[in-house]
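To get the working numbering, take the position in the sequence shown, counting from 1, and add 1.
C-beta: ideal position from N, C-alpha, C; glycine also.
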Amino acid sequence: MVMEKISEGKTKEVFLLDKDHVLLRFKDYVTAGDGAKADIIDGKGVLNAQTSALLFRLLEREGIETHYVGMKDERTMIAKRLNMIPVEVVLRNYATGSIVKRLPIKEGEIFDPPIVEFFLKDDARHDPLLNYHHMRYLKLMNEEEARYIEGIVQRVNAVLTKVVERLNLVLYDFKLEFGRLGNKLLVGDEITLDAMRVREPQTQRILDKDLYRRGYPLEHVKSAYEEFLGRLRNVV
Ligand code: 5GP
Numbered sequence: 002m003v004m005e006k007i008s009e010g011k012t013k014e015v016f017l018l019d020k021d022h023v024l025l026r027f028k029d030y031v032t033a034g035d036g037a038k039a040d041i042i043d044g045k046g047v048l049n050a051q052t053s054a055l056l057f058r059l060l061e062r063e064g065i066e067t068h069y070v071g072m073k074d075e076r077t078m079i080a081k082r083l084n085m086i087p088v089e090v091v092l093r094n095y096a097t098g099s100i101v102k103r104l105p106i107k108e109g110e111i112f113d114p115p116i117v118e119f120f121l122k123d124d125a126r127h128d129p130l131l132n133y134h135h136m137r138y139l140k141l142m143n144e145e146e147a148r149y150i151e152g153i154v155q156r157v158n159a160v161l162t163k164v165v166e167r168l169n170l171v172l173y174d175f176k177l178e179f180g181r182l183g184n185k186l187l188v189g190d191e192i193t194l195d196a197m198r199v200r201e202p203q204t205q206r207i208l209d210k211d212l213y214r215r216g217y218p219l220e221h222v223k224s225a226y227e228e229f230l231g232r233l234r235n236v237v
């Protein structure tokens, strides 16, 4: 059966399954710098699909609504068809990445309470930061929806922080994307090491896509993703 591909991003293809569902097929691509750097890591798509599935199931068990329905095969997720909002919602527990470049904040500073930021999904503009006014003007979401999403992201943080701690790791930050289904806002996209920073507390060892961003060998990146998934399977 040939299915209609409705969109394709840097790391996933989206196929229409039926009027209410899509298939998300995780590719083996790894990219950084808004697509400026790209490589293939054999099997990465499977690792990310599996990681996402475990974390989405965990969120659902905790009462957080997501698009996750099930798995079609080891790299293909069945998901509710959402009307995706082209905004990346980032929550930061510890300072690293773009925030230490943009603001007078030092690497490793602790954010208590965590900082939530919104960015427009726009590679050509390098995903600019958005505030409530921008999002309302661009018809992305109104302030009430933005505040609701901030609440969901904080609940997701509580769940992810706890599970990552049980892996003896620290959750630095993560990115979520949301979509509309009727009048509901659901967590969509993926929850993987491509969009989440985790480190070992004592050694500061990195286990996420920062390894790729920093130029580590592809095998090293893959083994970190495998190690994370292996540890996750033991606790969820
Ligand atoms: P930063 O703004 O520091 O680059 O990223 C903050 C967090 O959001 C990190 O966990 C990072 O992996 C994630 N993130 C930011 N932008 C993107 C993006 O375009 N794609 C993905 N997959 N993750 C992103």
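Give the straight-line distance between the Cα atoms of residue i and residue j, rounded to the nearest whole angstrom.
i, j, result
"arginine 198", "proline 114", "18 angstroms"
"glycine 64", "arginine 58", "10 angstroms"
"phenylalanine 120", "arginine 148", "15 angstroms"
"glycine 71", "alanine 54", "8 angstroms"
"glutamate 66", "arginine 156", "11 angstroms"
"methionine 4", "glutamate 178", "24 angstroms"
"glutamate 228", "tyrosine 138", "43 angstroms"
"leucine 17", "arginine 26", "11 angstroms"
"arginine 238", "lysine 122", "Outside the displayed span of the chain (2 to 237) sits residue 238, for which this structure offers no information."
"glycine 109", "valine 160", "21 angstroms"
"leucine 219", "isoleucine 42", "7 angstroms"
"lysine 107", "valine 117", "17 angstroms"
Under 8 angstroms by Cβ, that's how I've got residue i and residue j pegged, so tell me the actual separation to the nearest angstrom.
i, j, result
"arginine 82", "histidine 22", "6 angstroms"
"tyrosine 238", "threonine 12", "This structure leaves residue 238 out entirely; the chain is present only between 2 and 237."
"lysine 210", "alanine 33", "7 angstroms"
"histidine 68", "leucine 187", "5 angstroms"
"histidine 221", "leucine 208", "Not really, about 10 angstroms apart at Cβ, beyond 8 angstroms."
Here's the rule: buried if 16 or more other CB atoms are within 10 angstroms of the residue's CB, otherwise exposed. What is residue i?
i, result
"isoleucine 150", "buried"
"asparagine 184", "exposed"
"lysine 45", "buried"
"valine 236", "exposed"
"methionine 2", "exposed"
"tyrosine 173", "buried"
"threonine 97", "buried"
"arginine 200", "buried"
"glycine 189", "buried"
"threonine 77", "buried"
"tyrosine 217", "exposed"
"glutamate 191", "buried"
"lysine 223", "buried"
"alanine 39", "exposed"
Taking 8 angstroms as the cut-off, does the CB of residue i come closer than this to any heavy atom belonging to the ligand 5GP?
i, result
"aspartate 74", "no"
"serine 8", "no"
"alanine 54", "no"
"aspartate 113", "no"
"isoleucine 207", "no"
"phenylalanine 57", "no"
"lysine 210", "yes"
"aspartate 35", "yes"
"phenylalanine 27", "no"
"arginine 198", "yes"
"glycine 180", "no"
"serine 99", "yes"
"phenylalanine 120", "yes"
Would residue i pass as a contact of residue j if the rule is Cβ separation under 9 angstroms?
i, j, result
"threonine 162", "asparagine 49", "no"
"leucine 92", "phenylalanine 175", "yes"
"aspartate 86", "glycine 180", "According to the sequence as given, residue 86 is isoleucine; it is not aspartate. A contact, by the Cβ cut-off of 9 angstroms."
"alanine 125", "aspartate 35", "yes"
"leucine 24", "alanine 80", "yes"
"leucine 182", "asparagine 84", "yes"
Would you check whether the ligand NAD has a heavy atom nearer than 8 angstroms to the C-beta of residue i?
i, result
"aspartate 124", "This structure does not include the ligand NAD; its bound ligands are the ligand 5GP."
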